[in-house]
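Notes follow the structure.
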Amino acid sequence: MPELPDVEGFRKVLAGCARGRTIEQVDVRDAGVLHGVGAGRLSRDLEGRRFTELERHGKWLLAHTGGPTVQFHFGMTGRLVCAHADDAPHAHDRVLFTLAGSRQLRYRDQRKLKGLWLAGDPEAARLLDEQGPDALAVSRADFDAALTGRRGRLKAALTDQSLLAGLGNLLADEILWQSRLHPSRSTGSLTDGERAELYRTMRRVLRTSVRAAQVPPRDDWLTGHRDAPDPGAPCPRCGTRLRAGRAAGRTTYWCPHCQPAPD
DNA sequence: ATAGGTGTTTCTTT
DNA sequence: AAAAGAAACACCTA
Numbered sequence: 353m354p355e356l357p358d359v360e361g362f363r364k365v366l367a368g369c370a371r372g373r374t375i376e377q378v379d380v381r382d383a384g385v386l387h388g389v390g391a392g393r394l395s396r397d398l399e400g401r402r403f404t405e406l407e408r409h410g411k412w413l414l415a416h417t418g419g420p421t422v423q424f425h426f427g428m429t430g431r432l433v434c435a436h437a438d439d440a441p442h443a444h445d446r447v448l449f450t451l452a453g454s455r456q457l458r459y460r461d462q463r464k465l466k467g468l469w470l471a472g473d474p475e476a477a478r479l480l481d482e483q484g485p486d487a488l489a490v491s492r493a494d495f496d497a498a499l500t501g502r503r504g505r506l507k508a509a510l511t512d513q514s515l516l517a518g519l520g521n522l523l524a525d526e527i528l529w530q531s532r533l534h535p536s537r538s539t540g541s542l543t544d545g546e547r548a549e550l551y552r553t554m555r556r557v558l559r560t561s562v563r564a565a566q567v568p569p570r571d572d573w574l575t576g577h578r579d580a581p582d583p584g585a586p587c588p589r590c591g592t593r594l595r596a597g598r599a600a601g602r603t604t605y606w607c608p609h610c611q612p613a614p615d
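So the first sequence is numbered by my numbering: it starts at 353 and just counts up by one.
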């Protein structure tokens, strides 16, 4: 599930659950989610420390400790949960951080496509160098700079994390639909006015989604109609049947009337 | 029982 | 050279 709004929600979960509290014990129940570090060193390096700054960039969450930094990526199914240390763990709880005051932060992940990295600050900085500007923080000028000079399709550009960090499949479709731009428009063909509208819409969609800690499946948004049965739900704006297809390697929904096809 | 999913990487093809 | 496409990763649901 996690796109920028979900990860921002996890940042708040981590802050409320763990910030400032001593990490008493790290229990790795499935080492399959650890990358570049084993269970032993993860525990040894974190136990006795506390989480300090909690930084989100795109879909990455970085938890600083004053020593090593824990880098979380949630893949498709990862999440953070705050529980009581005595609560029975969930089947998909892969790593448990027991904190002072009997709280327990849990990395829960069904599919284990990503997980946790442990890095020194220089390495954490290098990770962020490979990411484009955060979609929630990017200025209009940097947004323009990211999109100009691209030759591919618009949806591929919006979901390319090295160009702009944080947008996933749902957000890209929602933003394009609200902007009335077809996912297959070539990025370079946008007028200045269209880019301005795209930027404004992206900010509005992100603001609403961050408040909900997800892309909300609202009836008056495209997202509310993705899982409609075969014939395709009507566009909430004009009633035309929504189309589904493939773009940037992912299932993509759009309204053939509101989002005119290029060519 | 096969397909597909709010993600990314890597390899191959255009 | 850049971009699109397909497969792989792991697991569950329809």
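Even glycine gets a Cβ: it sits at the ideal position worked out from N, Cα and C. Fair warning: this is a prediction, and the values are worked out from it, not measured in the lab.
To the nearest angstrom, how far is it from the Cα of residue i to the Cα of residue j?
i    : j    : result
G384 : R371 : 26 Å
M554 : L519 : 9 Å
K507 : G400 : 45 Å
L488 : A600 : 22 Å
G410 : P586 : 32 Å
Y551 : G453 : 44 Å
D579 : V562 : 22 Å
P354 : D461 : 11 Å
G467 : R363 : 15 Å
D615 : A440 : 57 Å
Among residues of its own chain, excluding the 5 on either side of residue i, which ones have a beta-carbon nearer than 8 Å to its beta-carbon?
i    : result
A548 : R492
G584 : R593, L594, R595 and A596
Could you check which residue in the options has the C-alpha nearest to that of residue i?
i    : options                   : result
G576 : V562, Q513, Y605 and R556 : Y605
R446 : R455, L432, A452 and A489 : L432
A509 : D473, K466, R595 and G540 : G540
L470 : H534, A517 and L413       : L413
L457 : A477, F403 and C434       : C434
A443 : D382, R589, P569 and R598 : D382
F424 : H436, R455, L479 and S395 : L479
Under a three-way DSSP split, which group does residue i fall into?
i    : result
V490 : coil
G601 : coil
F449 : strand
A437 : coil
Along the chain, where does the beta strand (DSSP E) that runs through residue i open and close?
i    : result
W573 : Note, W573: premise wrong, no beta strand (DSSP E); not H, not E.
At what residues does the alpha helix (DSSP H) containing residue i begin and finish?
i    : result
G368 : L356 to A370
A471 : Premise fails: A471 lies in the beta strand (DSSP E), G467 to A471, not in any alpha helix (DSSP H).
Enumerate in chain order the residues of its own chain whose CB-to-CB distance from residue i is below 6 Å, with the five nearest sequence positions on each side excluded.
i    : result
Q377 : T450
V359 : R408, K411 and L413
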